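Asker: Before anything else, here's the structure in question.
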Amino acid sequence: MSLRTATDFLFDRITRRLDTPLMVATVVLAAISLTVVFSASGGVTFDRMLGQLRNFMVAFIALWVIANISPQTLMRLAIPVYVVGLCLLVGVALFGDVKNNARRWLNLGFATIQPSEVMKIGVPLLLAWYFHRREEGLSVKDYALAGLFLMLPVGLIVRQPDLGTAILVFASGFFVIFFAGLSWKVIISALIGVSAAMPFLFERLHGYQKNRILTLFDPMQDPQGAGYHIIQSTIALGSGGILGKGWLSGSQAQLDFIPERSTDFILAVFGEEFGLIGNLLLMTLYLIIIGRGLMISMNASTTFSRLLASSITLTFFTYAFVNIGMVSGILPVVGVPLPLMSYGGTSILSMCVGFGVLMSISTHKQLVST
Amino acid sequence: MGTTIKNREAELNTFRGRILFSAFAIIIAFVVLAGRMAWLQVLKRDYYHSLAEANRISVVPVVPNRGLILDRNGEVLAANYSAYTLEVTPSRVANLEKALDDLATVVDVQAKDRRRLKRLMEESKNFESLPVKNRLSEEEVARFAVNRYRFPGFEIRARLFRNYPQGEIASHAIGFIGRINVAEVKKLETANLTAMYKGTDHIGKQGIEASYESVLHGVTGSEQVEIDAGGRAIRSLAKSEPTAGNDLTLTIDIKLQRVAEQAFGDRRGALVAIDPTNGEVLALVSKPGFDPSLFIDGIDPQNWDLLNNSPDKPLLNRALQGAYPPGSTLKPFLALAALESGRRTPTQITHDPGYFNFADHRFNDDLVGGHGAVDLHKAIVVSCDTYFFQLASETDIDKTAEFLSRLGFGARSGIDIDGEKEGTLPSRAWKERAFSKSPPEARKWYAGETISTGIGQGANAFTPMQMAHAIATIANDGVSYKPHLIRQITDSTTGQKNIIQPVIDHQLDFKKSNIEIVKEALADVPKAGTSAGAFRNVGYASAGKTGTAQLFSLKGEKYNANRIGEHLRDHAWYIAYAPADKPTIALAVLVENGGKGAAAAAPVVREVLDYFLLKKLSDPKKPAVTLDVPPNSD
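Chains as they are written, first to last, in the working numbering: chain R, 1 to 370; chain H, 1001 to 1634.
This is how it looks when you write it as structure tokens:
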């Protein structure tokens, strides 16, 4: 075997489970993320940018590993992941550490973890598995049971309280049920029911959660408190104009007016320095990823793959939409990072795990027995 | 089997339908987001741009240097120095008490600094930066800088401080600055000066510092700086320089002032020395004094109690605000009134048996047995009470009041610092006013009252400033200049010296010969009269008049200073001018509860004149002079 064939083989071995459009878009986003994180961390030291690079490295390795696992194997992991995740959530409720008035973390002795993150993949995995098993014909009872599987972890997360994560976990599970074919009648009547219950639900929210929603409608009522984030991020975006102020030149970003500028509000830094052009480019990249995800779902060969891939894609969209909406001031401030852009290992890792699943589905085509 | 396939087909169709639906919804969502971005970044771009600029750029005031205050010879009375101060913005500190405890391990914060801070916090708004400790040492600055992260809300600033190098000397004239309080903020607002005082923490509170505030303050400049979200300045963008306040040169001669203050020793009292030819105030003493620097950054409660509640009232400017019965110092003016009105001729004799009977009351003269035959000259030189009792009994009180008011009695002199009192010039109209709430018989003027006012007792009460002003007018032959403390204003930018022109406030058309008669008598007082003891072996010719103001009616008993309480003892007066023929200084001295004017007040004047005319200094170690004089010497 010549050297040439050896490298070819190695290259093939590495890339054969990767999906080119998805991978290219992800790498471009990673490059943008590193650029913006450098600017958002002051534009002087490389510490944070290198940290983000490490986050991407770890996430890409996870992506590659998962892409090389076949969907059938992934399906076998559904129950264990879900059960372990559920146990950990119960553990949090009983023994969790309290930080900032919320019980979200579980100290395992060697590491502190946030089990709700596990459920972001655990819930769709389990539900996709469940509907796959019941593909011969779904009854009302199946949907009810699926609803129970979904609401159990969501309820535990709401109680922590962590409304942002609860909504995302709920969304990821709901998407599975939706794509499994939950009837429109049920969806619409549920929507009407929820809207009717809105005032009651609003009253049940915590004070800070209510404030976030109220300040969305009138940020100026508390410009130094709850409204500060929205006011400063819209100023940053708006003042960026069409072309932006240039990399490292955003006054809102560089002078520290944007809170959490390298994490949840990184879009404000990006939008200020790269303007509307930058924002549209970013949204285009997100659309490419989402579009590719939907294509993979369409072409997936099993119910499990279809439901899982579409749920992951729609969840990714939800992340992007909620974050962009929040930073631009049309959605309440909830702790949702901008996917593949915000600084932070957990978020990038969970995105890449999802992409790994998508790639596994797209590259492990199998014939369906007829 | 067939139904399974059909089911699968149906399921797949549903799935594809939902994917299409989702794709459609996602596109709409992204259109909404893109629309929102276009709204912010294109349509509202200018609005947000201006907000971002407002965030980024802060216009900070650049405080001008306050003008200096100098004495007439250029000696510094109030100056500025820059030093580091540790300041705190209380609203940014969660637990101030604890923070101060921690801070004490780094910087020497004393109990009095804490008390002062507490007081300042009560008076100020929370977001203001307040001084915790002034004048930090280099070492303290370095120690704090290292530990700064531990103390959010605390900051070190380089600031200009006011310094009063003379300490207590001339403190009442110079006054002091202090932190701007709520009432002053309101005043600045109504005067439209809020912008001018941005960044200025201090304002003149008393004395020259207060009355010449607008001259001393200067014009505030401004600087555009880029700030970060924490309000820290990052870099300067543009700057308009402030204009420093103008320097003031006072009419006061601080060396003379010092001699005068030392001459008082520990006694309470006041002295005003005026150049009669132009109204310049050469010395303005009020004893005891106070250290003006205590007030600059808010006096701590302990020192405040000490000053404010002291029975000696050091904060009272006795020279302008203390009204005392003039006693015999009023006699030369009453004599002039008698000459001017024709009531007396210089040679007209009054017999003094040692008392004066009026109705059924006997008014005693100081000298038992009396002075015998007394003319106007002798009446002044020996301070004969009987002569003036007799004169008063023939005079209408309103006529006397009218004459004295022309010499400035009973009115403010108009000196250029605040707080001056009018004193009391008794007349029928005055009594009517003063007792307006009393029954009619109490408002009526009684003839007996005229007799005691005739020797400067009764309701008469004048400030040392009024006495000095009046004697200066006599010294200057009836031409009266308005007393003032500022000699020159030096423009801080051009260096141009603006000399203050003397203002004649009234030119009295007294007969020259009448003035001469009174002046000759006054010139004989230190030679052969009541103050001869104090002016023994003097190297110049001066003129003067003693006075002893009774506070305590003895009802015919003999006065014995040792038998009555110190605060009921007589006030000692001496008014004078020198040289007698061509006066360049006129002065009034009051020693509170000092006893006899000749014994307590005249020696003070002697020391001041010795220095002023001969540059002779008395031995500083020698205690303040009081002479033993016979009881009839007043």
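All C-beta atoms in this analysis are idealised placements derived from N, C-alpha and C, irrespective of residue type, glycine included.
Remember, predicted model here, so these are calculated numbers, not experimental data.
Closest to residue 147 of chain R by CA distance: which of R/265, R/162, R/169 is it?
Answerer: Closest by alpha carbon: R/169.
Asker: In the DSSP assignment, what are the bridge partners of residue 313 of chain R?
Answerer: Partner(s): none; residue 313 of chain R has no beta bridge.
Asker: Which residues bound the beta strand (DSSP E) around residue 1425 of chain H?
Answerer: Element bounds for residue 1425 of chain H: n/a, residue is neither H nor E.
Asker: Taking the alpha-carbon of residue 1071 of chain H as reference, which of H/1403, H/1282, H/1239, H/1371 has the nearest alpha-carbon?
Answerer: Among H/1403, H/1282, H/1239, H/1371, the Cα nearest to that of residue 1071 of chain H is on H/1282.
Asker: Just checking my contact of residue 1643 of chain H with residue 1227 of chain H at CB under 8 Å: how many whole Å lie between their CB atoms?
Answerer: An answer regarding residue 1643 of chain H cannot be provided, because it is not within the stretch 1001 to 1634 covered by chain H.
Asker: Inspect the beta-carbon positions of residue 1194 of chain H and residue 1219 of chain H and report whether they are closer than 8 Å.
Answerer: For residue 1194 of chain H and residue 1219 of chain H, no; Cβs fall outside 8 Å.
Asker: What does DSSP give as the partner residue(s) for residue 106 of chain R in the beta ladder?
Answerer: Residue 106 of chain R pairs with R/113.
Asker: Between residue 1599 of chain H and residue 1592 of chain H, what straight-line distance do the alpha-carbon atoms span, to the nearest angstrom?
Answerer: Those two C-alpha atoms are separated by around 13 Å.
Asker: Based on the DSSP output, what are the partners of residue 1488 of chain H in its beta bridges?
Answerer: Answer is H/1249, H/1499.
Asker: Name, please, each residue of chain H whose Cβ falls closer than 8 Å to the Cβ of residue 328 of chain R.
Answerer: In chain order: 1033, 1036, 1037, 1040.
Asker: Whole angstroms is fine: what's the gap from residue 1023 of chain H's alpha carbon to residue 1238 of chain H's?
Answerer: So the two alpha carbons sit approximately 53 Å from each other.
Asker: To the nearest angstrom, report how far apart residue 1400 of chain H and residue 1325 of chain H are at their CA atoms.
Answerer: Going by the C-alpha atoms only, they are around 16 Å apart.
Asker: How many angstroms separate the CA atom of residue 101 of chain R from the CA atom of residue 59 of chain R?
Answerer: Their Cα atoms are separated by approximately 30 Å.
Asker: Just to make sure I have the definition right: I need the residues of chain R whose C-beta is within less than 8 Å of the C-beta of residue 1234 of chain H. Which are they?
Answerer: Per Cβ cutoff of 8 Å: 255.
Asker: If the cut is a Cβ gap below 9 Å, which residues of chain R does residue 1310 of chain H touch?
Answerer: The contacting residues do not exist; residue 1310 of chain H stays about 47 Å from chain R at best.
Asker: Helix, strand or coil for residue 296 of chain R? Go by DSSP, reduced to three states.
Answerer: Helix, per DSSP.
Asker: Who are the Cβ neighbours of residue 273 of chain R in its own chain at under 8 Å, not counting the five residues just before and after it?
Answerer: Correct list, in chain order: 36, 39, 240, 244, 245, 246, 247, 248, 249, 250, 253.
Asker: Can you tell me which of H/1531, H/1499, H/1517 puts its alpha carbon nearest to the alpha carbon of residue 1280 of chain H?
Answerer: Of the candidates H/1531, H/1499, H/1517, the one whose C-alpha sits nearest the C-alpha of residue 1280 of chain H is H/1499.
Asker: Given a threshold of 16 other Cβ atoms within 10 Å of its Cβ, counted over all protein chains shown, does residue 1704 of chain H qualify as buried or as exposed?
Answerer: Outside the shown range of chain H, which is 1001 to 1634, sits residue 1704 of chain H, and nothing can be said about it.
Asker: In the structure shown, what three-state DSSP assignment does residue 1065 of chain H receive?
Answerer: If DSSP states are grouped into helix, strand and coil, residue 1065 of chain H belongs with coil.
Asker: So, is the C-beta of residue 1149 of chain H closer than 8 Å to a C-beta in chain R?
Answerer: Closer than 8 Å: no.
Asker: Between residue 280 of chain R and chain H, is there a C-beta pair that is closer than 8 Å?
Answerer: Judged by the 8 Å Cβ criterion, residue 280 of chain R is in contact with chain H.
Asker: Can you have a look at residue 11 of chain R and say buried or exposed, based on whether 16 or more other CB atoms are within 10 angstroms of its CB?
Answerer: Answer is exposed; the Cβ neighbour count stays below 16.
Asker: Considering Cα atoms alone, identify which of R/300, R/263, R/277 is closest to residue 338 of chain R.
Answerer: When only C-alpha atoms are compared, the closest one is R/263.
Asker: Run the CB neighbour count on residue 355 of chain R, radius 10 Å, all protein chains shown included, and call it buried at 16 or more, exposed below.
Answerer: That one is buried.
Asker: Helix, strand or coil: how does DSSP classify residue 1573 of chain H here?
Answerer: It is a strand residue.
Asker: Measuring alpha carbon to alpha carbon, tell me which of H/1389, H/1584, H/1455 ends up nearest residue 1476 of chain H.
Answerer: Comparing Cα positions, the closest option is H/1584.
Asker: Please report the distance separating the alpha-carbon of residue 75 of chain R from that of residue 33 of chain R.
Answerer: C-alpha separation (whole angstroms): 32 Å.
Asker: Measuring only the C-alpha atoms, how far is residue 1165 of chain H from residue 1086 of chain H?
Answerer: Going by the C-alpha atoms only, they are around 23 Å apart.
Asker: Consult DSSP for residue 1493 of chain H and reduce its assignment to one of helix, strand or coil.
Answerer: DSSP places residue 1493 of chain H in coil when its eight states are reduced to three.
Asker: Which first and last residues belong to the beta strand (DSSP E) in which residue 1205 of chain H is found?
Answerer: Its beta strand (DSSP E) spans residues 1202-1206.
Asker: Using 8 Å as the limit for Cβ to Cβ distance, is residue 1022 of chain H near chain R?
Answerer: Closer than 8 Å: yes.
Asker: What residues from chain R crowd round residue 1180 of chain H, counting only those whose CB sits closer than 9 Å?
Answerer: Here the premise fails: no neighbours, minimum Cβ distance about 26 Å.
Asker: For residue 1555 of chain H and residue 1358 of chain H, what's the separation of their Cα atoms in angstroms?
Answerer: In this prediction, residue 1555 of chain H has a pLDDT of 44, which is less than 50 and means its spatial position is unreliable; nothing more can be read from the coordinates.
Asker: So with Cβ pairs under 8 Å, would you call residue 1089 of chain H a contact of chain B?
Answerer: This model lacks chain B altogether; the protein chains it does include are R and H.
Asker: Report the residue from R/349, R/181, R/332 whose alpha carbon sits nearest the alpha carbon of residue 53 of chain R.
Answerer: Ranking R/349, R/181, R/332 by Cα distance to residue 53 of chain R puts R/349 first.
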